[in-house]
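Enquirer:
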Amino acid sequence: FFGIMADVKALEHATLKVPYELLNKKFRSTQKTIDRETSSIVAVTNDFSARISDSGSKMTVGEANTMLDNVVQRLQSLKRKADDGLEQELQLVDTCKSRLEHLGDYVKEGRLTVSSVQSWKRKRMDRMLVDHCLRSGFYDTAVQLAKDADIEQLVDIEVFMVSRRVEDSLASKDTIPCLSWCYENKSKLRKLKSTLEFNVRVQDFIELIKVGKRMDAVRYARKHLSSADSSLLGEVQSAMCLLAFSPDTECPPYKKLFDPVRWDDLVRQFRQDNFALHQLNGQSLLSVTLQAGLSALKTSQCYQEEQQNIDCPVCVKPLNHLARPLPFAPFTQSRLICHASNTRMNEHNPPMVLPNGYVYGRDALFAMAASSNGVITCPRTKERFQRKDAEKVYIM
Amino acid sequence: NFTCDIHGCSQEGVLDTAEQVRKLNEVACEHFLRQGRLDVARLLVEEGGLVIEQSQYNQFVQLNSILEACRARNLGPALKWVTEHRRDLEARNSQLEFKLHRLQFLSLLQTGDLQAALEYSKNLALYSTTLKKEVQQLMGCFLYTSKGLGQSPYADLLDPVLLGEACDEFMREACALLGLALNSHLAACLSVGCQALPSLLQIKAVMQQRQCPVVWSSTNELPIEIDPGLEYQYHSVFACPILRHQCTLDNPPMRLTCGHVISKEAIERLVTGTRLKCPYCPVEMNSSEPRQIHF
Chain A
1 FFGIMADVKA LEHATLKVPY ELLNKKFRST QKTIDRETSS IVAVTNDFSA RISDSGSKMT
61 VGEANTMLDN VVQRLQSLKR KADDGLEQEL QLVDTCKSRL EHLGDYVKEG RLTVSSVQSW
121 KRKRMDRMLV DHCLRSGFYD TAVQLAKDAD IEQLVDIEVF MVSRRVEDSL ASKDTIPCLS
181 WCYENKSKLR KLKSTLEFNV RVQDFIELIK VGKRMDAVRY ARKHLSSADS SLLGEVQSAM
241 CLLAFSPDTE CPPYKKLFDP VRWDDLVRQF RQDNFALHQL NGQSLLSVTL QAGLSALKTS
301 QCYQEEQQNI DCPVCVKPLN HLARPLPFAP FTQSRLICHA SNTRMNEHNP PMVLPNGYVY
361 GRDALFAMAA SSNGVITCPR TKERFQRKDA EKVYIM
Chain B
1001 NFTCDIHGCS QEGVLDTAEQ VRKLNEVACE HFLRQGRLDV ARLLVEEGGL VIEQSQYNQF
1061 VQLNSILEAC RARNLGPALK WVTEHRRDLE ARNSQLEFKL HRLQFLSLLQ TGDLQAALEY
1121 SKNLALYSTT LKKEVQQLMG CFLYTSKGLG QSPYADLLDP VLLGEACDEF MREACALLGL
1181 ALNSHLAACL SVGCQALPSL LQIKAVMQQR QCPVVWSSTN ELPIEIDPGL EYQYHSVFAC
1241 PILRHQCTLD NPPMRLTCGH VISKEAIERL VTGTRLKCPY CPVEMNSSEP RQIHF
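Taken in sequence, the protein lines are chains A and B.
Here the first sequence is numbered in my numbering, starting from 1 and rising by one per residue.
Here the second sequence is numbered in my numbering, starting from 1001 and rising by one per residue.
Laid out in structure tokens, this is it:
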């Protein structure tokens, strides 16, 4: 049981955290909306009751009607928005719940069959693959895979779809979606001390200069850059200096500022901030797990041509190439496999050596001898020996 | 208490370059092909800009379609493939063709169409010498068609497990003949990785607490031993019992005249002059007598 809990604790952090964060965000935004609407209703009703109790001026029926209609409209809008918000929150709660249930399936004590554990593990692998595809930007693949594997509720496709929209827009030099994203997530980004919004604004400023609209650029800077954090003052100053240069300047620090590669940097920064916001890791779970697995399977024989085994993942390109810089897994106990029968050699199937130095398990050797009149043919060198030529080997 | 710290267990420089990422995606693509998820594989190739060999793709597609047909009890495609590769299968001592014929014959019998079953049994004639007993059993089934085979002494021939076994054997033989690995490499790695990761994380936490250097690379070993189980063991590993080191090409295992096995390096350390005494038993020998063995 504890082994399984350790498993879940190590690997499933993102699975639970992401919907939780989304729910949090939704809850806060719905709350704000409701507050806003309620205060406007209170204001309007106050107005109305003030008008009525104000004996100084008479109100016509028409005026009263309009004011009442106003109040009713506001009330309806409140109800609508509250309903919407509630529905979305319920959806997110559902997501959280289904993920918890899914994890709960795995952790059920003693009530699991081998095949259900296997199918849970297969689903986990599919989840990791979807996550990897989403992070790499392979959105279509991820969507198709999630549908095929029936894991749509268990993976965070929506988060990455939003991310994709913003990334695509940044790549085409459109900053509006990004800025609206920054606005939506203002408080969290501030907590993370993110400089994304500032950098995007600076980029807008630079673009304005590039097309020669210097006065617009100055106005823009006054509006957006003047409220920047004091630690970023140096950057503001460099940006302002750009006003003095032309876009094809050769002067190094300012040439860099005009460089379009800054857009790629913005995309990267957005991605990082998006991950941090949802408490996602920089590296995908797949890559970390793969590295651990490759290390655990890696032996020195995987890099020796004659010893390579086509079933071993590390022996076959391309994983062979990837695993090169990884550490080996140590072992202090020998584990021997009979090359002829692919079974373990131990006290039940003791290893025996043929005169040519090759070792096989007793079971395989005796079976070979029994089916061909006491003759043993070494599977690797094809030399023939008698059964009595095989000698015992003692492994401590 | 639910923190995320898998970062520490990953290496720099393993999956950073575009080329490395591409290799990873190729492995993932092969994984999808094996699972029969052809459209996912195709999308991945498009989005990832991968290049895969058309022949390998076709092989997987063919194998998957045959396997699916088998599972749906349509043994036609499998039989066709098996007949095409008859000679290779015989060289591997495989009885797959017979097993498939047997399954087909039994399903014909169960439909009650005795004439068709009789026609089909001519296929079994090929095995009348090599697998005499099995063929006799099958012919004997004709006696029980009225009562139903379920009541006969041959009831266990109807066990549904046999179909699954035949499917598995088909995959095994086909992969061996085509030079493909039996299981998805990605699946194997991820499975072992999932097993290893919790322990690695725990050890990393402990090491950080004690302020040991936490970086491990190809010159080091991982700090803990991992036993992934027989299913994931592809190579023999021998650890010298004296020096507790892995044996490698430069330091191979040697068998002493008494049968005990230690590493070459251990022998060099135990040799006195030209004689050597086994560390585990009283036997003595010349230092030239131990022979190298290969697992």
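A virtual CB, placed ideally from N, CA and C, is assigned to each residue, including glycine.
Bear in mind the structure is a predicted one, so any value in this text is a computation, not a measurement.
Near L1190 (chain B), which residues of its chain fall below 6 Å by C-beta distance, leaving aside the five closest residues on each side in sequence?
Expert: Counting from one through the second sequence, the residue named residue 1190 (chain B) turns up at place 190. Contacts found: none.
Enquirer: Measure the C-alpha to C-alpha separation of P1279 (chain B) and K1264 (chain B) and round it to an integer number of angstroms.
Expert: In the second sequence, the residue the question calls residue 1279 (chain B) occupies position 279. In the second sequence, the residue the question calls residue 1264 (chain B) occupies position 264. When rounded, the distance between both Cα atoms is 13 Å.
Enquirer: Listed from N- to C-terminal order along the chain, which residues in the region 365-391 of chain A have their beta-carbon within a distance smaller than 9 Å of any beta-carbon of chain B?
Expert: So the list reads R380 and E391, given in the order they occur along the chain.
Enquirer: For the region 1060-1128 of chain B, which segments carrying the alpha helix (DSSP H) assignment without a break, of at least 4 residues, lie completely within its bounds, in sequence order?
Expert: Correct list: 1076-1084, 1086-1091, 1096-1110 and 1114-1120.
Enquirer: Out of A:L319, A:R271, A:K210 and A:V72, point me to the one whose CA is closest to C182 (chain A)'s CA.
Expert: The residue labelled residue 182 (chain A) in the question sits at position 182 within the first sequence. Minimum Cα distance to C182 (chain A) is reached at A:R271.
Enquirer: Could you name the residues of chain A that L1044 (chain B) contacts, counting a contact when the two beta carbons are closer than 8 Å?
Expert: The residue given as residue 1044 (chain B) occupies position 44 in the second sequence. Per Cβ cutoff of 8 Å: C133, F138 and T141.
Enquirer: Got a sec: which bits of the region 1161-1186 of chain B sit with their beta carbon under 8 Å from any beta carbon on chain A, in order along the chain?
Expert: Residues passing the 8 Å Cβ filter: G1179, L1180, A1181, L1182, N1183, H1185 and L1186.
Enquirer: Start and end of the alpha helix (DSSP H) containing T95 (chain A)?
Expert: Here residue 95 (chain A) refers to the residue found at position 95 when the first sequence is read from its first residue. Start and end: V61 to V107.
Enquirer: Taking the beta carbon of Q291 (chain A) as the centre, do at least 16 other beta carbons fall within 10 Å, making it buried, or is it exposed?
Expert: Mapped onto the first sequence, residue 291 (chain A) falls at position 291. Buried.
Enquirer: Assuming contact is defined by CB atoms lying nearer than 8 Å, are C1240 (chain B) and I1262 (chain B) in contact in what I supplied?
Expert: The sequence position of residue 1240 (chain B) within the second sequence is 240, counting from 1. The sequence position of residue 1262 (chain B) within the second sequence is 262, counting from 1. Going by C-beta atoms, C1240 (chain B) is nearer than 8 Å to I1262 (chain B).
Enquirer: Could you spell out where the beta strand (DSSP E) holding N1286 (chain B) opens and where it closes?
Expert: One-based indexing of the second sequence puts residue 1286 (chain B) at position 286. Residues E1284 to N1286.
Enquirer: Tell me the rounded alpha-carbon separation between R1210 (chain B) and L285 (chain A).
Expert: Taking the first residue of the second sequence as position 1, residue 1210 (chain B) is located at position 210. Taking the first residue of the first sequence as position 1, residue 285 (chain A) is located at position 285. So the alpha carbons of these two residues sit roughly 26 Å apart.
Enquirer: Cα separation between G1259 (chain B) and V393 (chain A)?
Expert: As a first step, residue 1259 (chain B) must be located in the second sequence, where it is residue number 259. As a first step, residue 393 (chain A) must be located in the first sequence, where it is residue number 393. Distance between the alpha carbons of G1259 (chain B) and V393 (chain A): 5 Å.
Enquirer: May I have the straight-line CA-CA distance separating L1050 (chain B) from R1042 (chain B), to the nearest angstrom?
Expert: Residue 1050 (chain B) sits at position 50 when you count from the first residue of the second sequence. Residue 1042 (chain B) sits at position 42 when you count from the first residue of the second sequence. In a straight line, the C-alpha of L1050 (chain B) is about 10 Å away from that of R1042 (chain B).
Enquirer: How big is the Cα-Cα spacing for N1123 (chain B) and G361 (chain A)?
Expert: Start at 1 with the first residue of the second sequence, and residue 1123 (chain B) comes out as number 123. Start at 1 with the first residue of the first sequence, and residue 361 (chain A) comes out as number 361. The straight-line gap from Cα to Cα measures roughly 38 Å.
Enquirer: Which word fits N1025 (chain B), buried or exposed, when buried means at least 16 other C-beta atoms lie within 10 angstroms of its C-beta?
Expert: Here residue 1025 (chain B) corresponds to residue number 25 of the second sequence, with the count starting at 1. That one is buried.
Enquirer: Report buried or exposed for A43 (chain A), applying the criterion of at least 16 other Cβ atoms within 10 angstroms of its Cβ.
Expert: Numbered from its first residue, the first sequence carries residue 43 (chain A) at position 43. With fewer than 16 other Cβ atoms within 10 Å, it is exposed.
Enquirer: Mind checking which residues open and close the beta strand (DSSP E) that includes G361 (chain A)?
Expert: Taking the first sequence and counting its residues from 1, one reaches residue 361 (chain A) at position 361. Start and end: V359 to G361.
Enquirer: State the Cα-Cα distance for the pair T1257 (chain B) and A1091 (chain B), rounded to the nearest angstrom.
Expert: Residue numbering aside, residue 1257 (chain B) sits at position 257 when the second sequence is read from its first letter. Residue numbering aside, residue 1091 (chain B) sits at position 91 when the second sequence is read from its first letter. Looking at the two C-alpha atoms, the distance is approximately 38 Å.
Enquirer: Which residue from A:V359, A:L129, A:S49 and A:N65 puts its Cα closest to that of Q1292 (chain B)?
Expert: Here residue 1292 (chain B) corresponds to residue number 292 of the second sequence, with the count starting at 1. Per the Cα distances, A:V359.
Enquirer: My assumption, with CB atoms under 8 Å, is that V71 (chain A) sits in contact with I41 (chain A). Please give the rounded CB distance.
Expert: Your numbering for residue 71 (chain A) matches position 71 in the first sequence. Your numbering for residue 41 (chain A) matches position 41 in the first sequence. With a Cβ gap of about 7 Å, V71 (chain A) and I41 (chain A) count as contacting.
Enquirer: If you measure from the beta carbon of M125 (chain A) to each beta carbon in chain B, is any gap under 8 Å?
Expert: Residue numbering aside, residue 125 (chain A) sits at position 125 when the first sequence is read from its first letter. Yes, because at least one Cβ of chain B sits closer than 8 Å to the Cβ of M125 (chain A).
Enquirer: How is L154 (chain A) classed by DSSP in three states: helix, strand or coil?
Expert: Within the first sequence, numbered from 1, the residue matching residue 154 (chain A) stands at position 154. In the structure shown, L154 (chain A) sits in a helix (DSSP, three-state: H, G or I).
Enquirer: Identify the continuous alpha helix (DSSP H) that holds T377 (chain A) and give its terminal residues.
Expert: In the first sequence, counting from the first residue as 1, residue 377 (chain A) sits at position 377. Looking at the DSSP string, T377 (chain A) is not in any alpha helix (DSSP H); the run it does join, the beta strand (DSSP E), is V375 to T377.
Enquirer: Classify E1053 (chain B) as helix, strand or coil using the three-state DSSP reduction.
Expert: In the second sequence, the residue the question calls residue 1053 (chain B) occupies position 53. Note: E1053 (chain B) maps to coil in three-state DSSP.
Enquirer: Report buried or exposed for K1099 (chain B), applying the criterion of at least 16 other Cβ atoms within 10 angstroms of its Cβ.
Expert: Residue mapping note: residue 1099 (chain B) aligns to position 99 of the second sequence, counting from 1. Buried: at least 16 other Cβ atoms inside 10 Å.
Enquirer: Quick check on R1291 (chain B): does DSSP put it in helix, strand or coil?
Expert: What you label residue 1291 (chain B) is simply residue 291 of the second sequence in a count that begins at 1. Strand.
Enquirer: Would you kindly report the start and end of the unbroken beta strand (DSSP E) that includes M352 (chain A)?
Expert: Counting from 1 along the first sequence, the entry for residue 352 (chain A) is found at position 352. Per DSSP, M352 (chain A) belongs to the beta strand (DSSP E) from P351 to V353.
Enquirer: Chain A partners of Y1280 (chain B), CB-CB under 9 Å?
Expert: Reading the second sequence from its first residue, position 280 is the one you call residue 1280 (chain B). Ordered by position in chain A, the residues that pass the 9 Å Cβ test against Y1280 (chain B) are Y394 and M396.
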